[in-house]
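Student: Before I ask anything, here is the structure I am working with.
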Amino acid sequence: MNPFDLSGRFAIVTGANTGIGRAIAVGLAEAGADIVGVGRSAMTETEADVRRAGRAFVSIAADLSGPGIAGKVVADALAAGATPDILVNNAGIIRRADALDFSEEDWDAVLDTNLKSVFFLCQAFAKAALAAGRRAKIVNVASLLSFQGGIRVPSYTAAKSGLAGLTRLMANEWAARGINVNAIAPGYVETNNTAALRADAERSADILKRIPAGRWARPDDMAGAAVFLAAPASDYVHGTILPVDGGWLAR
Ligand code: NAP
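The opening residue of the sequence shown carries number -17 in our numbering; numbering runs sequentially from there.
Right under this line is the structure:
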């Protein structure tokens, strides 16, 4: 048996239209999983890539920032024929401002999408997996700011640090019940999320100087770690936050 084979498994991936979510969805499909993409924008390109890999793709339209969405997303996925096997919580936003000026609106927006919605999606998914009696895998997309303080992103740091804690808590509660909960902590990845950072020549050069790998990550650099954490290969891995950061945290 290939311990990285995902054939016969469904993966729900949030924010699958672009960036890291798209790369993870395609990586999981190439490993054999059928994909349920969840998001607020059309996922046309992701769907085409998944189908090229020979896998099925279902899309669910959802704005994950609102209350009470999680149960509906999981119910819609099951109604579309998915089984509760793999959940990748990737959707996320970032708001940048000095801590002295940071607004309550930017606090709430980031916490709602990056932390609250992730917890309730995990809860709804775990209930479905337990009810179906299936082994399941949850992969959260954390950040280097699950380990470090960051600059000018207070709500993002709070959310991603909180997500690391929640990942461990859910692992503690669900490991013995057949659900693995882990996270990936991407380093600096070339996506919409980091466009402002890359546009700032000084900050961008400072960041690059500190990355042992000598380059920013591409979204598809995240796919291998996601496949590992979604596959039988990681069956005894619980509550870990796996940095995929070109060595950044080793410095
Ligand atoms: P991105 O290209 O901006 O992708 C973010 C995704 O989240 C998009 O699909 C976006 O949909 C979706 N999303 C945001 N708010 C949503 C909402 N309310 N409802 C539904 N979907 C929503 O950025 P990315 O870098 O790939 O980010 C993916 C994840 O990686 C995020 O959790 C981010 O925090 C994390 N991360 C990124 C980096 C990095 O360097 N890029 C580093 C560490 C962690 P729309 O396209 O419709 O907005």
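Note that the Cβ used here is the ideal one computed from N, Cα and C, for glycine as well.
Can you give me the Cβ contacts of aspartate 171 inside the same chain, cut-off strictly under 8 Å, excluding the 5 residues immediately before and after it?
Tutor: This sequence places valine at residue 171; aspartate is not what is there. Around valine 171: Gly1, Ile2, Trp198, Ala199, Arg200, Pro201, Asp203, Met204.
Student: Is it buried or exposed for serine 85, if we count other Cβ within 10 angstroms and need 16 for buried?
Tutor: When all chains shown are included, serine 85 counts as exposed.
Student: With DSSP as the reference, label valine 219 as helix, strand or coil.
Tutor: Coil.
Student: In chain order, what are the residue ranges of uninterrupted beta strand (DSSP E) at least 3 long that sit wholly in the segment -13 to 26?
Tutor: For the segment -13 to 26, whole beta strand (DSSP E) runs of length 3 or above, ordered along the chain, are -8 to -4, 16 to 21.
Student: Exposed or buried, what is isoleucine 133 when buried is set at 16 or more other beta-carbons lying within 10 Å of its beta-carbon?
Tutor: Isoleucine 133 should be labelled exposed.
Student: What three-state label does DSSP hand isoleucine 189 in the structure shown?
Tutor: Note: isoleucine 189 maps to helix in three-state DSSP.
Student: Are the beta-carbon atoms of alanine 11 and alanine 35 separated by less than 8 Å?
Tutor: Yes, Cβ-Cβ distance for alanine 11 and alanine 35 is below 8 Å.
Student: Under 8 Å, do glutamine 221 and proline 194 count as touching if we go by C-beta distance?
Tutor: According to the sequence provided, residue 221 is glycine. The question's glutamine does not apply to it. For glycine 221 and proline 194, no; Cβs fall outside 8 Å.
Student: Output the residue ranges of the alpha helix (DSSP H) runs that lie fully inside the segment 39 to 108 and measure 4 residues or longer, sorted by chain position.
Tutor: You should have 52 to 61, 86 to 93.
Student: Do you know how far the Cα of alanine 73 is from the Cα of leucine 234?
Tutor: With the chain running from -17 to 233 in the structure shown, residue 234 is simply not present.
Student: Please report how far the alpha carbon of alanine 111 lies from the alpha carbon of leucine 82, in whole angstroms.
Tutor: Going by the C-alpha atoms only, they are around 43 Å apart.
Student: Note down, in chain order, each residue of its chain lying with its Cβ closer than 6 Å to the Cβ of glycine 63, except the 5 sequence neighbours on either side.
Tutor: Within the same chain, glycine 63 has no close Cβ partners at all.
Student: By alpha-carbon positions, which one of Asn122, Gly50, Asn154 ends up nearest to asparagine 96?
Tutor: Of Asn122, Gly50, Asn154, the residue nearest in Cα terms is Asn122.
Student: How long is the line joining the alpha carbons of serine 186 and aspartate 80, rounded to whole angstroms?
Tutor: Computed Cα separation, rounded: 18 Å.
Student: Comparing the CB of isoleucine 189 with every heavy atom of the ligand NAP, is any distance shorter than 7 Å?
Tutor: Result no, Cβ not under 7 Å from the ligand NAP.
Student: Using only CA atoms, which one of Asp88, Asp67, Leu69 lies nearest to arginine 77?
Tutor: Closest by alpha carbon: Asp88.
Student: Going by the C-beta, is alanine 158 closer than 7 Å to any heavy atom of the ligand NAP?
Tutor: Incorrect: alanine 158 has no Cβ contact closer than 7 Å to the ligand NAP.
Student: From serine 47 to phenylalanine -14, what distance separates their C-alpha atoms?
Tutor: So the two alpha carbons sit approximately 32 Å from each other.
Student: Could you pull out every residue in the same chain whose Cβ sits closer than 8 Å to the Cβ of glycine 196, ignoring the five residues on either side in sequence?
Tutor: For glycine 196, where only same-chain residues beyond five positions count, the Cβ hits under 8 Å are Leu190, Gly228.
Student: For alanine 5, which residues from the same chain have a beta carbon less than 7 Å from its beta carbon, with the 5 sequence-adjacent residues on both sides left out?
Tutor: For alanine 5, where only same-chain residues beyond five positions count, the Cβ hits under 7 Å are Pro201, Asp202, Met204, Ala205.
Student: Can you tell me where the alpha helix (DSSP H) holding asparagine 162 begins and where it ends?
Tutor: That residue, asparagine 162, is in no alpha helix (DSSP H); its beta strand (DSSP E) goes 161 to 168.
Student: If you follow the beta strand (DSSP E) that alanine 118 is in, where does it begin and where does it stop?
Tutor: Looking at the DSSP string, the run of the beta strand (DSSP E) that includes alanine 118 is 118 to 123.
Student: Cβ of aspartate 58 within 8 Å of Cβ of arginine -9?
Tutor: No, they are not a contact pair.
Student: Comparing alpha-carbon positions, which option in Ala7, Pro225, Ala13 lies nearest glycine 19?
Tutor: The shortest Cα separation from glycine 19 among Ala7, Pro225, Ala13 belongs to Ala7.
Student: Please determine whether the Cβ atom of aspartate 182 lies at a distance below 7 Å from any heavy atom of the ligand NAP.
Tutor: Checking the Cβ of aspartate 182 against the ligand NAP gives no.
Student: Identify the residues that DSSP records as bridge partners of valine 209: which are they?
Tutor: For valine 209, which the question treats as bridged, DSSP gives no partner whatsoever.
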